[in-house]
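Everything in the sequence shown is counted per UniProt numbering, starting at 1 for the first residue and increasing by one.
Ideal placement from N, C-alpha and C gives every residue a C-beta, glycine not left out.
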Amino acid sequence: MVAMDGCHGWLLWMVAMDGCHGWLLWRVAMVTMDGYLGWLPWLPWMVLKDLPRVEGRPGASLPPLDFEALSQELGARDGTPPSPEDLLSAALYPKVYAEFRDFTSNFGPVSCLGTRLFLEGPTIAEEFEVELERGKTLHIKALALGDLNAAGQREVFFELNGQLRSILVRDTQAMKVCVY
């Protein structure tokens with residue numbers, strides 16, 4: 001018997017399971033086996049079975065990308081020349097990049113927010129800082145949430161640099177539960 005590390009172990013377990021054909025993990029394993037990563041010679045055959053294999057370097061059959069044309073296209077669409085990161089993001093993930101640009105055009109730049117704050121929002125009494133640029137930092141403390149109004153909005157109370165503020169925010173999660 002050949003000693004195997006954890007990666008080969010889970011792949012063999014997946015091969016042994018007959019009911020896992022719908023798993024995304026199963027598809028990832030098949031794509032991995034189809035490459036040139038130096039796996040054990042019998043393992044890709046067990047995973048791929050009758051599926052076609054990619055011969056040669058993955059991506060070699062793709063047409064070359066004209067980065068200059070893509071840069072001009074993005075600049076014309078967005079109104080500003082794209083950064084190298086934006087250009088690569090648009091080349092590798094065009095749909096995701098388009099959704100991101102639509103989001104930032106609606107809500108502004110969100111790169112100054114931490115991931116948890118962006119995805120979940122702050123908890124009550126949580127203090128956090130948002131650095132807009134060097135020397136410009138906002139100190140924010142979430143204070144309270146108001147009741148849901150008929151328009152599906154809540155008043156959010158917070159301190160911004162020590163001053164009490166409130167804004168109306170649409171609460172999409174509450175609207176799923178409320179029936180008027």
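Per the coordinates, the alpha-carbon of R116 lies some 11 Å from the alpha-carbon of T123. For S166, the uninterrupted beta strand (DSSP E) segment begins and ends at 163-170. Here DSSP, grouped into helix, strand and coil, assigns L113 to coil. Put simply, the backbone Cα of A90 is about 16 Å away from that of L62. By the Cβ-count criterion, V47 is buried, with 16 or more other Cβ atoms from all chains shown falling within 10 Å of its own Cβ. Annotation for L145: the continuous beta strand (DSSP E) segment containing it runs 136-145.
Secondary structure of R77 (DSSP, three-state): helix. Sequence-distant partners of A125 (beyond 5 residues in either direction) whose C-beta falls short of 8 Å from its own C-beta, in its chain, are K141, A142, L143. A direct Cα-to-Cα measurement between G59 and G146 gives close to 53 Å. For V96, the three-state secondary structure derived from DSSP is helix.
Bridge pairing for L160: I140, Q163 [DSSP].
Minimum Cα-Cα distance from I167 among the listed residues N161, A174, E155 corresponds to E155.
In summary, P84 is exposed, with fewer than 16 beta-carbon neighbours lying within 10 Å of its beta-carbon over all protein chains present.
Between L87 and S71, the gap from beta carbon to beta carbon is short of 8 Å. As DSSP reads the structure, E131 sits in a beta bridge with T137. Within 10 angstroms of the beta-carbon of L74 lie 16 or more other beta-carbons, which makes it buried. Assignment of E68 by DSSP, reduced to helix, strand and coil, places it in the helix class. For L160, same chain residues with a beta-carbon under 7 Å away, outside a window of 5 residues either side, are L138, I140 in chain order.
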